[in-house]
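Read through the structure below, which is laid out as structure tokens, and then see the notes.
2 protein chains.
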Amino acid sequence: MEEQEKNTNTATENDDKQEEVVEEAAESVEVLDKDDTDEANDSDADSELQSKLKALQAEKEELYQKLLRVQAEYDNFKKRTVKEREAALKYQSQDLIQELLPALDNFERALQVEKTEATASIIDGISMVYKQIKDALASQGAEEITAVGEEFDPNVHHAVMQIEAEDKPSNIVVEEVQKGYKLKDRVIRPAMVKVNK
Amino acid sequence: MEEQEKNTNTATENDDKQEEVVEEAAESVEVLDKDDTDEANDSDADSELQSKLKALQAEKEELYQKLLRVQAEYDNFKKRTVKEREAALKYQSQDLIQELLPALDNFERALQVEKTEATASIIDGISMVYKQIKDALASQGAEEITAVGEEFDPNVHHAVMQIEAEDKPSNIVVEEVQKGYKLKDRVIRPAMVKVNK
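So the protein sequences, as listed, match chains A and B. When we follow UniProt numbering, the leftmost residue of the first sequence carries the number 1, and every step to the right adds one. When we follow UniProt numbering, the leftmost residue of the second sequence carries the number 1, and every step to the right adds one.
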């Protein structure tokens, strides 16, 4: 969001700059028209014409440089637009995924009930639904962050407690308190974990 | 998606056009430089200078028109970009919602089991999760299409059967076979319904 706003501001600045450029160009064309009419019948015109020619050429060159400048800005804007569009598409599901995470947490908790003869059928059905939802998320590039057994990584793990388990290596995640999720290369929510000292 | 591709094509065409414009402009500047050097010392120069001045002015005017043209294309591109960005943002969750719909259908089916003393607890927990998921969808603008009791609307209802219920008005949806969903003003999936004759 912030990035988008920043780009919009830059675009507005560019707008102003280009309007200026076009106005300047319009002025110099007007000035030229006037000079031409006023002095066309001057008999002692040769050197005046020469200097006028030079001025005109300089103005034309200036106009050409302005054209190049606008064109370059246009090209940059297009390149930036393509990049923005790709990023927007890449992370388009993020807002909805973010909203779904608490529901997924509760879903997992609900599935942890004891499976008896009476509840087996509904638990099986609901487990299938849970898997379908996770598959839908995966189809958009959202996946769980692996935690238990991994080396603690502050980029994807959030340590809520340090414990001492002498039978396990140091700095290893020994328990996951809440699942973490990433969307493609972006961490949406780090996994909350307990880490071995 | 198709719209985006079309816009990319248009952008490429514009690219070609503008490169042409800049090349033309570069050529005319070169031609001018040469003329100037060749004929600067001509003693019978007055009328030649006059016509050269006119030509130069015409070239400058042409360059100015090109500048206006590039500027106008740039402005149009920017306006289109803003519109595209808005549309992409508006419907950004559509792909994931589309993937989630079959899971939601199954979720509803699973919740239709008989509630007994043994299953009450898990059904209540899971019903809450279902509501949370629907709320997450709603937060992105996705909602169920109303069907039963509504007048049949081919824009949002898909009739799978006509029935005859004399106690109900004609052309009214009497049963919903599968829920329909819309995302803001866009129908993602029409509701499958039975309609009264």
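Think of the CB as a built atom: it goes at the ideal place given N, C-alpha and C, for glycine as much as any other residue.
Mapping DSSP to helix, strand and coil, what is residue i?
i: A:Q94; result: helix
i: A:N171; result: coil
i: A:Q178; result: strand
i: A:E166; result: coil
i: B:A58; result: helix
i: B:K194; result: strand
i: B:A142; result: strand
i: A:A136; result: helix
i: A:E73; result: helix
i: A:E48; result: helix
Taking only the alpha-carbon atoms, compute the straight-line gap between residue i and residue j and give it to the nearest angstrom.
i: A:S170; j: A:V193; result: 14 Å
i: A:K83; j: B:L49; result: 51 Å
i: B:V173; j: A:F77; result: 51 Å
i: B:H157; j: B:A147; result: 7 Å
i: A:Q57; j: A:Q65; result: 12 Å
i: B:T81; j: A:K79; result: 12 Å
i: B:E62; j: A:D46; result: 26 Å
i: B:L68; j: A:Y74; result: 13 Å
i: A:Q4; j: A:L89; result: Residue placement at A:Q4 is poorly supported in this model, since its pLDDT is 45, which falls under 50; the coordinates are not used for a value here.
i: B:E176; j: B:K182; result: 16 Å
i: B:K197; j: B:V160; result: 13 Å
i: B:S51; j: A:L53; result: 11 Å
i: B:E143; j: A:Q94; result: 19 Å
i: A:D105; j: A:Q92; result: 22 Å
i: A:R186; j: B:E108; result: 32 Å
i: A:E125; j: B:K115; result: The sequence given here places Gly at residue 125 of chain A; Glu does not occur at that position. Cα to Cα, the separation comes out at about 15 Å.
i: A:L111; j: B:Q140; result: 26 Å
i: B:K131; j: B:V195; result: 28 Å
i: B:K179; j: B:I145; result: 7 Å
i: B:E166; j: B:N155; result: 25 Å
i: B:D36; j: A:A55; result: Bear in mind that a pLDDT of 47 at B:D36, under 50, signals an unreliable position, so the number given afterwards is only what the model happens to contain. If I take the Cα positions, the gap works out to 13 Å.
i: B:P190; j: B:A72; result: 41 Å
i: B:V70; j: A:K60; result: 17 Å
i: B:K168; j: B:Q162; result: 13 Å
Taking only beta-carbon atoms, is residue i less than 8 Å away from chain A?
i: B:N76; result: no
i: B:T146; result: no
i: B:D185; result: no
i: B:S139; result: yes
i: B:Y181; result: no
i: B:A110; result: yes
i: B:P154; result: no
i: B:A88; result: yes
i: B:A55; result: no
i: B:E143; result: no
i: B:I133; result: yes
i: B:Q178; result: no
Would you say residue i reaches chain B, if we count a Cβ-Cβ gap shorter than 8 Å as a contact?
i: A:K79; result: no
i: A:S51; result: no
i: A:I172; result: no
i: A:E99; result: yes
i: A:K83; result: no
i: A:E164; result: no
Q: Could you tell me whether the region 115-129 of chain A touches the region 142-153 of chain B, using the rule of 3 or more Cβ pairs below 8 Å?
A: These segments do not touch.
Q: Assess, as a yes-or-no matter, whether the region 92-102 of chain B is touched by the region 128-138 of chain A under the definition of 3 or more beta carbon pairs within less than 8 Å.
A: They touch, by the three-pair rule.
Q | alpha helix (DSSP H) segments (min. 4 residues) lying fully within the region 82-130 of chain A | A | Runs of the alpha helix (DSSP H) inside the region 82-130 of chain A: 94-111.
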